[in-house]
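Visitor:
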């Protein structure tokens, strides 16, 4: 006998309600895409390829929901399971084209479409159950989407951190090529007109939190920032339209203990290597000036940098102290040297030079205007004295042995 219940020779009769639900997946997906196009202005601006991927995700998601509902009946005890195929059909690049907030707007549009089509899909009396099942399923889809975006953000963050470290390292070594500006732009570097490099100690705490704090502090000053961590030393490349040193003042308090040195301001990011080398040399030399301000400019550490073997500092002192004084008037150079060599005494310098003390004072004021350093100031007088010594050594050259 055939056709009886339990006959293994005959397949079970199809469930009409289940068939109706599964056949409605394509219709629901089409309606959902139309609703997205009408409600979401940003959806219309997507590339055709991205729109097709969104449509495919919506169709697979709706089909997965209807499959689950038709199999379980949407019973409260049946927890929805979002399979990997729902989001596995789309490429990873879609997370860049569609933000998490936009993805949730898409999900809400799909849920609204499903609820609107419930009377045509649900069996008589089952409208409320399918609505509740759609809400439960959409919650699981939202959690799954959040996990995907979180993993994508972590991957991008790790890649961005490696790229940023490479960019900062290239700037420090002075290896600025044509692609450096584009790589910096990918990290959020804007159109800053002036650039300086800040070097200080690495603060304690989680590295990601420390870097994030520095970036937020720079953003509060409307400055661009690239941060590189080199062991116990942190290098921050700061860009600003008018005054990057003002932004450096705000960042100094967020760096670790020890000296904080700012390099000279340069006009472009490609020239940041010069500022970085001066700042790094200043950090080494700052140990010789315990009372240095924080931050201190690398150019204010020229004597200490010269003593630590910085050739650039020696040249800078010769060019900014000895040569201007000697070229303007040899008497200026002789007066400043005599004043500094005789304990900063105007009278002693006047006796040594056989001039009136007022002549010494007049010449000292002229030297201050010419070089920017006042011989009567203890610190600035020290800079002038070391600069004169460096100039004398450079003037006569090395002695043959």
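Residue numbers (the working numbering): 51 to 451. Quick reminder that beta carbons are idealized off the backbone N, C-alpha and C, glycines included. Fair warning: this is a prediction, and the values are worked out from it, not measured in the lab.
Using a 10 Å radius around the Cβ and a threshold of 16 neighbouring Cβ atoms, would you call residue 380 buried or exposed?
Guide: Residue 380 is exposed by the Cβ-count criterion.
Visitor: Taking C-beta to C-beta, are residue 326 and residue 360 nearer than 7 Å?
Guide: no
Visitor: Please classify residue 412 as buried or exposed, where buried requires at least 16 neighbouring CB atoms within 10 angstroms.
Guide: exposed
Visitor: If you measure between the beta carbons of residue 313 and residue 253, is that distance less than 7 Å?
Guide: It is not a contact, given that the beta carbons lie outside the stated cut-off.
Visitor: When you compare each of 278, 271 and 243 to residue 260 by their alpha carbons, which one comes out closest?
Guide: 278
Visitor: Helix, strand or coil for residue 286, going by three-state DSSP, please let me know.
Guide: strand
Visitor: Within the continuous beta strand (DSSP E) that includes residue 309, where are the two ends?
Guide: 306-312
Visitor: Could you have a look at residue 72 and say whether DSSP puts it in helix, strand or coil?
Guide: Any reading at residue 72 needs caution, since the residue's pLDDT is 49, under 50, leaving its predicted position unreliable; the model's value is listed next. Secondary structure at residue 72: helix, using DSSP grouped into helix, strand and coil.
Visitor: Please classify residue 352 as buried or exposed, where buried requires at least 16 other C-beta atoms within 10 Å of its C-beta.
Guide: buried
Visitor: Just reading off the alpha helix (DSSP H) that residue 332 is part of, what are its end residues?
Guide: 322-335
Visitor: How close, in whole Å, do the beta carbons of residue 418 and residue 403 come, if the pair is a contact with beta carbons under 8 Å?
Guide: Not confirmed; about 18 Å, so no contact.
Visitor: Could you tell me how far apart the beta carbons of residue 195 and residue 153 are, in whole angstroms, since I believe they sit closer than 8 Å?
Guide: Residue 195 to residue 153, Cβ: 5 Å. Contact.
Visitor: Might you give, ordered along the chain, the residues of its own chain that have their beta carbon closer than 7 Å to the beta carbon of residue 416, omitting 5 neighbours on each side?
Guide: 382
Visitor: Would you give the residue range spanned by the alpha helix (DSSP H) that residue 230 belongs to?
Guide: 230-236
Visitor: Considering only residues of the same chain and omitting the five flanking positions on each side of residue 397, which have a CB-CB separation below 7 Å?
Guide: Once the five neighbours on either side are set aside, the close Cβ partners of residue 397 are 407.
Visitor: Does the beta-carbon distance from residue 348 to residue 311 come in below 7 Å?
Guide: yes
Visitor: For residue 355 versus residue 335, is the C-beta spacing smaller than 7 Å?
Guide: Contact: yes.
Visitor: Mind pulling the beta strand (DSSP E) runs of 3 or more residues that sit fully within the stretch 352-409?
Guide: none
Visitor: Tell me which same chain residues have a C-beta within less than 8 Å of the C-beta of residue 317, skipping the five on either side of it?
Guide: In its chain, beyond the 5 residues on either side, 243, 244 and 245 have a beta carbon closer than 8 Å to the beta carbon of residue 317.
Visitor: State the start and end residues of the unbroken beta strand (DSSP E) segment that holds residue 275.
Guide: 274-280
Visitor: Please report how far the alpha carbon of residue 442 lies from the alpha carbon of residue 373, in whole angstroms.
Guide: Their backbone Cα atoms lie some 10 Å apart in a straight line.
Visitor: Among 224, 386, 429 and 399, whose alpha-carbon lies nearest the alpha-carbon of residue 438?
Guide: If we check each option's Cα against that of residue 438, 386 comes out closest.
Visitor: The alpha helix (DSSP H) that contains residue 258, what's its start and end?
Guide: 257-270
Visitor: With 16 other CB atoms within 10 Å as the buried threshold, where does residue 282 fall?
Guide: exposed
Visitor: Could you give the first and the last residue of the continuous alpha helix (DSSP H) run that contains residue 249?
Guide: Where residue 249 is concerned, there is no enclosing alpha helix (DSSP H), although the beta strand (DSSP E) it sits in stretches over 244-251.
Visitor: If residue 301 sits next to residue 286, beta carbons under 8 Å apart, how far is it from one beta carbon to the other, in whole angstroms?
Guide: 6 Å
Visitor: Helix, strand or coil for residue 315 per DSSP?
Guide: Residue 315: coil per DSSP, three-state reduction.
Visitor: Report buried or exposed for residue 323, applying the criterion of at least 16 other Cβ atoms within 10 angstroms of its Cβ.
Guide: buried
Visitor: Going by C-alpha distance, which of 273, 102 and 304 is nearest residue 263?
Guide: 304
Visitor: Quick one: using the 10 Å Cβ neighbour count with 16 as the cut-off for buried, is residue 435 buried or exposed?
Guide: Residue 435 is buried by the Cβ-count criterion.
Visitor: So the alpha helix (DSSP H) residue 92 belongs to, where does it begin and stop?
Guide: 91-94
Visitor: Taking only three categories from DSSP, how would you classify residue 216?
Guide: helix
Visitor: Which word fits residue 422, buried or exposed, when buried means at least 16 other C-beta atoms lie within 10 angstroms of its C-beta?
Guide: exposed
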